[in-house]
Structure formats: C-alpha cells, structure tokens
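Take a look at the structure below.
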Amino acid sequence: MDKIAKTLKNISNKVYIVEKWVLMIAVIAVTAVNFVNVIMRYIFKSGLAYCENLSLALFMLLILIGGNIAVKSDSEIRIDVCRFKDVRKKNAFKLISDICSIIALVCLLLGSIALVQHTAQYNQQVATLPITYLQLYSLLIIGSILMLFDHVVVLFKHLAAIQTGVEEEAE
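Using UniProt numbering, the first residue of the sequence shown is number 1, and each one after it goes up by one.
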C-alpha cells in the first residue's frame with residue numbers, strides 16, 4: 001500500500017509543478033486583462049469587449065487549479081466534528097472523510113460530463129472569444145479529474161497510515 005501511495009504521490013507532484021506554473025500565468029493574465037479593461041473604461045471611456053469573458057474563463061481556471069492544489073496540500077476547508085487522540089481512530093476518520101470527498105467528486109465529474117455532452121449538442125461559440133462553450137466547459141472535466149486523482153492519492157496515503165499504525169507526516 002505504501003508503494004502505491006508513493007508512486008501516486010510522485011505523479012501528483014509532477015502534475016503539481018505544472019499546475020503552479022499554469023496558476024501563476026493565469027493570475028498574471030487575469031490581472032493584466034482586468035487592469036487593461038479598467039484603464040480602457042476610465043481613461044478612454046470604452047472597454048474591450050472580450051475582457052469580461054476572458055476574465056471569467058481565466059477565473060474559472062484559477063478556481064479549478066486552486067481547488068486541486070487545496071486537495072493536494074490537504075488544506076481544504078473542513079469542520080472537525082470529532083477529534084480523536086488515538087492515531088488509529090484519527091486515521092480511520094480521515095479515511096471516511098476521503099471516501100465522502102471522492103463520492104462528491106465523482107458526482108461533480110458526472111455532472112461535468114453531462115454538461116459537456118449537452119453543450120456538445122449545440123456547440124455555441126463564446127460571443128467575444130474565439131472558443132466554444134464546449135472547450136470552456138471541458139475545463140470542468142479536467143479540474144474534476146485532477147481533484148479526484150489527488151483525493152485518491154490522499155486516500156492511499158491515509159490507507160498506508162492505517163496499515164502502519166502511525167500518524168501521517170505533515171507536508
């Protein structure tokens with residue numbers, strides 16, 4: 001179990017490097033797009049038509065990558081209903097939490113797939129950008145898969161902690 005967890009963690013770490021770069025570029029791009037649009041509106045009294053949709057698409061990308069990074073770094077918002085002093089109980093409770101999160105992410109993935117299938121029937125183009133809604137909504141599937149993968153990595157990490165009987169190390 002520990003070997004599977006380490007292999008999945010190595011894959012996740014490689015994806016994490018790419019995600020950080022994409023996140024950094026997207027933050028710079030969304031800031032630049034909004035800055036240019038504000039300058040155009042207040043100085044030249046005319047905004048750029050594509051800025052709002054581009055900003056929205058980039059913000060969607062930021063949310064999905066940020067959500068995945070939160071899963072990977074185990075910094076999701078959570079409410080601790082029960083606190084256990086026993087390491088085995090604590091690890092078992094984390095495992096139950098992981099399973100619930102995986103079920104929720106599978107539902108999100110299925111909903112994303114249904115949205116993309118519905119969107120594919122009409123294949124409408126975003127009014128001010130040279131992309132279709134199908135391409136835009138496909139980001140939901142990619143983000144859901146990435147979050148699901150990292151939750152599976154965390155699940156295997158917690159399974160390994162249960163198997164060894166020690167509390168997992170903090171990252």
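Glycine included, C-beta positions come from ideal geometry on N, C-alpha and C. Values in this document were obtained by computation on a predicted structure and should not be read as measured data.
Per-residue DSSP class, three states only, for residue i
i	result
T128	coil
N123	coil
G47	coil
E76	coil
C82	coil
V166	coil
V154	helix
A160	helix
Limits of the unbroken alpha helix (DSSP H) element including residue i
i	result
Y42	D2 to I43
Identity of the residue in the options nearest residue i by Cα
i	options	result
Y122	G111, T128, Q135 and L110	Q135
I145	I102, T164 and Q117	I102
M147	G47, G66 and K89	G66
R88	I69, H158, I11 and V15	H158
A32	L54, V126, L155 and L129	L54
A49	V126, T132, S97 and V153	V126
Cβ distance (whole Å) where residue i is taken to contact residue j below 8 Å
i	j	result
I141	I113	6 Å
Practice task
Evaluate the contact criterion for the region 74 to 82 versus the region 15 to 31: three or more CB pairs, one atom per stretch, below 8 Å.
Solution key: no
Query raised in the report: Quick check: the region 81 to 95 against the region 59 to 72, are there 3 or more CB pairs under 8 Å?
Result: no
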